[in-house]
Amino acid sequence: MKLSISSFIYPERIFLYLCFFISIIITVDVKAQQILVCDAISRFPVRDVEVCVDGQFIGKTIYLGTITLPKQFKQASFKAKGYSSEKLIREEVLRDTVFLFPSKHSLNEVVVIGKHKLNIDSLSRNMSKRELYDYGYLKSSGGSFDLATILDRRLNRDREHVQQNKEIIKKLNGKNIIEQIYTEEIEKKRVLDAAFERRKIPKDTISTYSFTTKPQNKNK
1 MKLSISSFIY PERIFLYLCF FISIIITVDV KAQQILVCDA ISRFPVRDVE
51 VCVDGQFIGK TIYLGTITLP KQFKQASFKA KGYSSEKLIR EEVLRDTVFL
101 FPSKHSLNEV VVIGKHKLNI DSLSRNMSKR ELYDYGYLKS SGGSFDLATI
151 LDRRLNRDRE HVQQNKEIIK KLNGKNIIEQ IYTEEIEKKR VLDAAFERRK
201 IPKDTISTYS FTTKPQNKNK
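Structure follows, in structure tokens:
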């Protein structure tokens, strides 16, 4: 049996080729990652999305919405016509799917306009001046003479007067003041009638008996 040199060389070449291809596959897998870009509303893939990694343009997505990104990067940006641009960090991109929102579903600025306006004149009728100062509706005049403060003090005095009246009503055992006066007059009349009854003096003759009757002189 004759052994040629080629019988030893060819197997070694085949082994080297296999190692080379395996190393290429491993290198590509380590340095690249494929992601999918989809519409956030319809969930369909989006083509022709411009992708930049760390400020460098690397390409556009194909009709399947996929693109290959390098394994090591910090930030990736995605831009497409009719969609809002997205900037994502590496951890967010590693989820394999990037969703872009259509421009008509996003707002760049929100402006709030109040339709209900308050009239300060009508508001001041229900609030004290001090409350208007506290809520910022009025500013202090800064001078020594402040009409708002004077009106506020007058309102406080009125409140104290009302509180005093409430205390007086409470002392009357919860009865109305008119009812209390009427009850007192009835009680006085009852006491007077009882006194007249004990003395057995006609009430209709009290005035004439007390003031018009004169004692008679027996020694004429």
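The UniProt record's numbering applies: residue 1 is where the sequence shown begins, and numbers increase by one.
Glycine is no exception: its CB is placed at the ideal position from the N, C-alpha and C atoms.
Just so we're clear, the structure is a prediction, and the values are computed from it rather than from any experiment.
Could you name the residues of the same chain whose beta carbon sits closer than 7 Å to that of residue i, not counting the 5 residues immediately before and after it, in chain order?
| i | result |
| --- | --- |
| Ile62 | Arg47 |
| Phe73 | Val53, Asp54, Arg90 |
| Gln163 | none |
May I have the straight-line CA-CA distance separating residue i from residue j, to the nearest angstrom?
| i | j | result |
| --- | --- | --- |
| Ile186 | Arg159 | 34 Å |
| Ile181 | Lys189 | 13 Å |
| Ile35 | Ser42 | 18 Å |
| Asp96 | Ser103 | 23 Å |
| Ile58 | Phe44 | 22 Å |
| Ile178 | Ile168 | 13 Å |
| Gly65 | Ile14 | 38 Å |
| Glu184 | Val191 | 11 Å |
| Arg199 | Asn165 | 42 Å |
| Lys81 | Gln56 | 19 Å |
| His161 | Asp193 | 39 Å |
| Val98 | Val37 | 5 Å |
Reducing DSSP to helix, strand and coil, say where residue i ends up.
| i | result |
| --- | --- |
| Ile14 | helix |
| Ala40 | coil |
| Gln72 | coil |
| Val46 | coil |
| residue 222 | There is simply no residue 222 to check, as the chain begins at 1 and stops at 220 in what is shown. |
| Ile63 | Checking the sequence, you will find Tyr at residue 63 rather than Ile. If DSSP states are grouped into helix, strand and coil, Tyr63 belongs with coil. |
| Thr27 | With a pLDDT of only 48 at Thr27, under 50, the local geometry of the prediction cannot be trusted, and the value read off the model is given with reservation. If DSSP states are grouped into helix, strand and coil, Thr27 belongs with the helices. |
| Lys79 | strand |
To which residues of the same chain is residue i closer than 6 Å at the C-beta, ignoring the five residues directly before and after it?
| i | result |
| --- | --- |
| Glu91 | none |
| Lys79 | Glu50, Ser85 |
| Asp39 | Val46 |
| Ala76 | Val53, Leu88, Val93 |
Looking only at its own chain, which residues have a Cβ that is under 8 Å from the Cβ of residue i, when we skip the five neighbours before and after it?
| i | result |
| --- | --- |
| Lys60 | Arg47, Asp48, Val49, Glu50, Val51, Ile67 |
Can you round the beta-carbon distance between residue i and residue j to whole angstroms, since I take them to be within the 8 Å contact cut?
| i | j | result |
| --- | --- | --- |
| Leu94 | Tyr83 | About 21 Å; that fails the 8 Å criterion. |
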